[in-house]
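Chains as they are written, first to last, in our numbering: chain A, 1 to 275; chain B, 1 to 158.
Beta carbons are placed, not taken as given, at the ideal position from N, Cα and C, and that holds for glycine.
These notes are about the structure you will find just below.
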Amino acid sequence: MSKKTKAVSSLVFALIAAALIIGIILTGSPGEKEESIKEVMRDAVLHETGKISLFGIIQVNPGLISAFTVSAVLIIIAIILRIFVIPKFTLKPGKIQYLLERGVGLFTGIAKENSPDHNIFAGGYIFAAAVYIFFGTIFELFGIQAQTVRGISISLPAPLADINGAIAMGFLSYGIILFGGLFTNGIKGMLKALKDFSLPISMSFRLFGALLSGALVTELVYYYALTSYVLPVLVGVLFTLLHALIQSYVLITLVSIFYGESTEPSKKKEKRKKS
Amino acid sequence: MPLNIDIQQVLLHMLNFVILFAALYFLLYKPVKKFIDGREEYCKDIEKRTKTTLSDAEELKCEYSGKLESAQEEIKKMKSDAADEAEKEADEIKDKARQEAGNIIEKARAEAEKEKSNILNGVNPEICKLAQDAAEKIVFESTSDAYDSFLDITDGDE
């Protein structure tokens with residue numbers, strides 16, 4: 001391709017892009033017409049107006065629909081892998097086998113490191129939690145549309161950007177730590193976990209805050225037509241991926257550390273064993 | 001509730017995650033972990049067997065090298081014994097040969113001595129006869145001086 005042809009092609013491409021941008025600005029954004037930025041942001045946090053009907057039974061936040069969708073997809077993938085991939089595992093792993101083994105090995109390793117005494121259940125829990133948080137956060141990138149009860153089409157957010165989802169995750173994780181301690185060390189183990197009573201709230205709000213901030217920035221960027229080009233690649237995709245990784249890592253580390261603390265055998269038992 | 005927190009939805013989220021956790025745990029985590037543990041066990045078993053085989057081989061090597069050394073020593077000893085025996089036997093043979101040679105020489109000497117004496121005994125009559133013949137010849141053929149000188153000779157011999 002000669003230099004002249006390259007220059008002409010670039011010019012044509014720039015003209016088409018400029019024409020499209022002008023057209024978009026002149027025609028206006030539908031978001032600006034229906035809801036103000038204030039309403040959009042408020043709705044992203046509180047979901048007061050943007051509720052979705054769950055099978056016509058109750059009205060729920062879009063985050064719950066996202067949670068169900070993500071779980072359904074993950075369960076289907078797990079079933080496919082269980083039926084078609086896992087039985088064909090060999091001593092020399094293939095690509096999918098290697099990926100699965102690395103994933104399971106990673107979470108088993110984290111669980112063993114932080115909770116050396118009892119880690120089988122903790123390993124399974126942090127594996128599931130990390131998969132859910134990671135894929136749940138990435139889910140918002142697909143922009144799957146849903147219709148609210150008011151008839152407005154919205155893009156489904158990350159399940160944990162919903163305060164209810166984050167609270168559920170935080171309290172469930174705390175419950176695992178609490179009952180892990182109870183089953184392994186009795187009341188003493190449970191009391192160890194109970195002294196960190198602020199843990200479920202901190203875990204819930206950490207998740208909610210981190211994912212909500214990402215959701216708000218994305219909403220803000222997509223609200224205005226001019227910022228809807230190029231910028232979302234950085235803000236939307238990279239921030240979402242970072243959130244997905246960081247939040248998964250933070251939650252599983254916290255859960256495994258506190259689980260290890262509550263399931264740690266008491267020193268008296270060790271002394272008795274030694275004697 | 002503040003922040004639009006809905007207990008029913010919290011519980012629905014919990015139920016959703018519990019189902020997901022159960023599915024992921026039983027469908028993915030447990031079978032994959034079981035496979036990893038199995039392979040680890042298999043590798044450990046192989047390592048253990050290899051170590052045992054290696055130590056057995058080392059033991060065998062030590063045992064055989066010891067046996068080899070003792071066998072070599074035995075061979076050396078046998079060689080030296082054989083050499084000593086051969087030397088002894090050779091010496092015996094030599095002595096015997098020497099003795100035999102001595103006997104033969106002795107016998108030969110005795111025989112020679114006997115022969116010599118026989119010869120000497122046989123020589124005197126012959127000489128007498130020869131002298132008689134010579135005397136007769138001289139008596140009949142030569143002068144009386146010759147006869148005298150011959151008589152002198154024969155007197156001297158006796």
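{"Check": "Starting from the C-beta of S204(A), find all residues in its chain whose C-beta is less than 6 Å away, skip the five residues before and the five after it, and write them out in chain order.", "Outcome": "A166, I167 and G170"}
{"Check": "Need the endpoints of the alpha helix (DSSP H) that V60(A) sits in, please.", "Outcome": "It is not in any alpha helix (DSSP H) - V60(A) instead sits in the beta strand (DSSP E) that spans I58 to V60."}
{"Check": "Tell me whether V18(B) sits in a helix, a strand or coil according to DSSP, three-state version.", "Outcome": "helix"}
{"Check": "Please state whether DSSP places L91(A) in a helix, a strand or coil.", "Outcome": "coil"}
{"Check": "Assign S266(A) to buried or exposed, taking buried as 16 or more other Cβ atoms, counted over all protein chains shown, within 10 Å of its Cβ.", "Outcome": "exposed"}
{"Check": "Grab the span of the alpha helix (DSSP H) containing I126(A) for me, first residue to last.", "Outcome": "I120 to F139"}
{"Check": "Could you please give the first and the last residue of the uninterrupted beta strand (DSSP E) stretch that includes L54(A)?", "Outcome": "I52 to L54"}
{"Check": "Going along chain A, which residues have a C-beta under 7 Å from I19(B)?", "Outcome": "S71"}
{"Check": "Since I19(B) and N164(A) should fall inside the 8 Å C-beta cutoff, what is the C-beta to C-beta distance between them, to a whole number of angstroms?", "Outcome": "Going by Cβ atoms, the distance from I19(B) to N164(A) rounds to 16 Å, so no, they are not a contact pair."}
{"Check": "Considering only their Cβ atoms, is the gap separating A193(A) from F258(A) smaller than 8 Å?", "Outcome": "yes"}
{"Check": "Per DSSP, which one or two residues make a beta bridge with I21(A)?", "Outcome": "I21(A) pairs with nothing; no bridge assigned."}
{"Check": "Anything in the stretch 92 to 121 of chain A with a Cβ closer than 7 Å to a Cβ of chain B? List those residues in chain order, please.", "Outcome": "L100, E101, V104, G105 and T108"}
{"Check": "For A23(B), decide whether its Cβ has a neighbour in chain A, counting only Cβ atoms nearer than 8 Å.", "Outcome": "yes"}
{"Check": "Where G31(A) and Y223(A) are concerned, what is the direct C-alpha to C-alpha distance, given to the nearest angstrom?", "Outcome": "The pLDDT assigned to G31(A) is 48, lower than 50, so where the model puts this residue is not dependable; a value taken from the coordinates is nonetheless given after this. Their Cα atoms are separated by approximately 6 Å."}
{"Check": "With C-beta atoms as the reference, is P157(A) less than 8 Å away from A215(A)?", "Outcome": "yes"}
{"Check": "I'd like to know if D60(B) contacts chain A, where contact means its C-beta is closer than 8 Å to some C-beta of that chain.", "Outcome": "In the sequence as displayed, the identity of residue 60(B) is Leu instead of Asp. Cβ-Cβ to chain A under 8 Å: no for L60(B)."}
{"Check": "Tell me the DSSP secondary structure of G31(A) in three-state form.", "Outcome": "Because the pLDDT of G31(A) is 48, which lies under 50, any placement of that residue in the model is unreliable, and the number read from its coordinates should be weighed accordingly. Looking at G31(A) - three-state DSSP - the assignment turns out to be helix."}
{"Check": "Would you call the stretch 137 to 154 of chain A in contact with the stretch 175 to 183 of chain A, where contact means no fewer than 3 C-beta pairs closer than 8 Å?", "Outcome": "no"}
{"Check": "Got a sec, what are the start and stop residues for the alpha helix (DSSP H) A44(A) sits in?", "Outcome": "I37 to L46"}
{"Check": "For the stretch 140 to 169 of chain A, list every residue whose C-beta sits within 7 Å of some C-beta in chain B, in sequence order.", "Outcome": "I163, N164, G165, I167, A168 and M169"}
{"Check": "Looking at the unbroken alpha helix (DSSP H) that takes in A166(A), where does it start and where does it end?", "Outcome": "I163 to N185"}
{"Check": "Kindly list, in the order they appear in chain A, the residues whose Cβ is closer than 7 Å to that of D6(B).", "Outcome": "N164"}
{"Check": "Taking the alpha carbon of V131(A) as the point to measure from, which residue in V255(A), S248(A), K4(A) and S10(A) has its own alpha carbon closest?", "Outcome": "S248(A)"}
{"Check": "Which residues does DSSP pair with S153(A) in a beta bridge?", "Outcome": "Q147(A)"}
{"Check": "Between the stretch 25 to 36 of chain B and chain A, which residues of the former have a C-beta closer than 8 Å to a C-beta of the latter?", "Outcome": "Y25, L27, L28, Y29, K30, P31, V32, K33, F35 and I36"}
{"Check": "Determine, using beta carbons only, whether I79(A) comes closer than 8 Å to chain B.", "Outcome": "yes"}
{"Check": "Is DSSP giving K195(A) helix, strand or coil here?", "Outcome": "coil"}
{"Check": "Comparing the C-beta of R39(B) with each C-beta of chain A, is any distance below 8 Å?", "Outcome": "yes"}
{"Check": "Count the other CB atoms within 10 Å of the CB of Q99(B); is the residue buried (16 or more) or exposed (fewer)?", "Outcome": "exposed"}
{"Check": "Can you give me, in chain order, the residues of the stretch 49 to 64 of chain A that have a beta carbon less than 9 Å from any beta carbon in chain B?", "Outcome": "L54, I58, V60, N61, G63 and L64"}
{"Check": "Y229(A) to K188(A), Cα distance in whole Å?", "Outcome": "56 Å"}
{"Check": "Nearest-angstrom Cα distance between S275(A) and Y42(B)?", "Outcome": "Unreliable positioning characterises S275(A) in this predicted model, as indicated by a pLDDT of 49, which lies under 50. The coordinate reading is nonetheless provided below. So the alpha carbons of these two residues sit roughly 36 Å apart."}
{"Check": "Helix, strand or coil for E261(A), going by three-state DSSP, please let me know.", "Outcome": "helix"}
{"Check": "With 9 Å as the limit, tell me which residues of the stretch 124 to 136 of chain A have their beta carbon closer than that to any beta carbon of chain B; keep them in chain order.", "Outcome": "G124, Y125, F127, A128, A129, V131 and Y132"}
{"Check": "Tell me whether S262(A) is buried or exposed, calling it buried when 16 or more other Cβ atoms sit within 10 Å of its Cβ.", "Outcome": "buried"}
{"Check": "Quick one: what does DSSP say I5(B) is sitting in, helix, strand or coil?", "Outcome": "coil"}
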